[in-house]
Structures are given as structure tokens and as C-alpha cells.
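Notes to accompany the following structure.
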Amino acid sequence: MEIVIVPDAAAQGELAAGAVADLLDRKPDALIGVATGSTPLPVYEALQRRRDRGLSLDRARICQLDEYVGLPVGHPESYREVVRREVLDRLGISDDRFMGPDGSAEDVVAACAAYEATLKNAGGVDFQLLGIGTDGHIGFNEPISSFASRTRVKTLTEQTRVDNARFFDSLDDVPQHVLTQGIGTIMEARHLVLLATGESKAEAVALAVEGPLAAIVPASVLQLHPHATVILDEAAASRLKLADYYRSTYRTKPSWQGI
């Protein structure tokens, strides 16, 4: 696992966007997994600036990490609509190059299996952005999720519903269930990039990066991935015991190595 500590969210966004741009130079039709929430927004903003300067996303494909169950089609807080607003429209990517699980399906178990098949048939995810919950979850894989899990229905913890209530009129409006790529599904992406900002994420980051591999901290599974990068601002890195080492290691990396 590679740990990169940057001054702020803007620097975080530029670094992650640079990695996406490098990937698209090598593979113009790369499948890029996106995350929702406030943390990845600087990445999408930085990609938009690069697009304005000539970065081609004409063949890029986008896939979704998770989706609420039961929200009507077109609901502004469904993750399909959030991704459309924040990623597709911003980067000029058409709907026919976007794939995601169907949280409004009558048979959500079948919808999960269909999404697994879609990702496999697409050749797998090349680059997956991740956030981390205050309880260490990735995607909506809450604590004690199986490391071998595939895309499935999950019940949200009360803490996660409270964390997400800011996007809804009230806590009562936050769905109880979601569809999420499983940890096993996520781990098949060729490059995982986890972003974390703010002191509220510092404990979860420290447990995931420097703690033991444990299902109680789902993000700790990234320790097993052959190409995982964790990009932190100073506040999110504040509880890392080896923060100074991570800073010095990244500073001395050859410029061509990147993330």
C-alpha cells in the first residue's frame, strides 16, 4: 500500500486526476470506477480542468460503486443521478459509457448479479476511487463484511445513515438498504485509490493503514492489494504513527513513477 500525504483536498484532487490522465494516455477506453460524496469532488474538478486543456475522455468508461435501494428513478440523491451531475455532465461522458447497479429493480438480488456480470464483461475495472467511512467502510461494505463478498444488498448502519443524512431532508429519508460492490469485487480493480480528508477520518485511516487486517475495518483489506494508493490530507493523516516516513518516501520517488 502506498501512502501519500498532501497539504489539502485540492492537491489530493490534482494527484488523483493526474493518475487518471496517465491511465487514459495508456488506455483511452479505461473503465474508471467513481465514488460519490464530497471527498472525490476535487478529483472531478481537476479532471474537468485537464479536459479543458485537451485531455481526451472520448472513449473513457465510468462505473458506479454503489446505489441506494428503493429511490425512484431520477431521484436527485440516487447515486446514478449524482454521478451523472458530478462526473458524466462535467466531463462530457455519455450515458452509453456509464454502468451501475439498478437500485430500483423489483429483484435487487438479480440486479446485483447482473452488475457483477456487466463489470466482468467490460474487462474489469482499471481504476477505482474509494472513500472511507468513519467506521472504516469502503463502498457500503460495513464492518464485518466478508473480504470475499461480491456485489450484494447491504443494510446500512445507523452511523452511516447519520453521516449521509446531510444529503437528504431528514434522517428518515435516508434509505435503509443499498446495493454495493463487494469487497472481493472492489479488490479486482487494477488500481485502487482511496481518498480521505479531515480529522474525522483520521482514526479509520490509521486502523486501515497501520492496524491489523480485520473485517471490523473493511478498508484494511487494501493492505493485500498489489496496487493500492491512499491519498490523505494532513488532518486525515494526523494519527498515523509513520506519517513522517510516508512523506519522505513519496518525496524521494522518481518523477516517472507517479501513483
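Mind the numbering: the sequence shown is residues 155 to 413 in our numbering, read in order.
In this text, a Cβ means the ideal position worked out from N, Cα and C, and glycines have one as well.
Specify the secondary structure class of residue i as computed by DSSP and reduced to three states.
i: W410; result: A caution first: W410 carries a pLDDT of 47, below 50, which makes its placement in the model unreliable, though a value can still be read off. Three-state DSSP puts W410 in coil, outside helix and strand.
i: L225; result: coil
i: Q218; result: strand
i: E231; result: coil
i: R344; result: coil
i: Q330; result: coil
i: T305; result: coil
i: F321; result: helix
i: Q313; result: helix
i: I292; result: strand
Rounded to whole angstroms, what's the CA-CA distance from residue i to residue j? Just pull it up for me.
i: V347; j: A360; result: 16 Å
i: A184; j: A170; result: 15 Å
i: I340; j: I247; result: 23 Å
i: V237; j: G352; result: 23 Å
i: L378; j: V384; result: 13 Å
i: A165; j: I157; result: 14 Å
i: I186; j: V227; result: 23 Å
i: V307; j: I292; result: 14 Å
i: E342; j: C266; result: 16 Å
i: R252; j: K395; result: In the sequence as displayed, the identity of residue 252 is Phe instead of Arg. Near 40 Å, if we compare the C-alpha coordinates of K395 and F252.
i: T309; j: R207; result: 42 Å
What whole-angstrom Cβ distance do residue i and residue j have, given they're in contact under 8 Å?
i: S300; j: A356; result: The Cβ separation is near 26 Å, so there is no contact.
i: V174; j: F281; result: 6 Å
i: I413; j: V375; result: Not quite, the Cβ-Cβ distance comes to about 19 Å (not below 8 Å), so this is no contact.
i: L178; j: L211; result: 7 Å
i: L283; j: L349; result: 7 Å
i: G123; j: G191; result: Not covered by the structure: residue 123. The range shown for the chain is 155 to 413.
Residue i bridges to which residues according to DSSP?
i: I385; result: V158, L349
i: L185; result: R215
i: L283; result: V347
Counting Cβ pairs closer than 8 Å, one from the stretch 239 to 252 and one from the stretch 185 to 201, do we hit at least three? A contact exists between the stretch 239 to 252 and the stretch 185 to 201.
Are three or more beta carbon pairs between the stretch 212 to 219 and the stretch 256 to 263 nearer than 8 Å? Cβ pair count under 8 Å is below three, so no.
Assess contact between the stretch 220 to 231 and the stretch 327 to 334, defined as three or more Cβ pairs (one per stretch) separated by less than 8 Å. Is contact present? Remark: three or more beta-carbon pairs, one from each stretch, lie closer than 8 Å, so the stretch 220 to 231 and the stretch 327 to 334 are flagged as touching.
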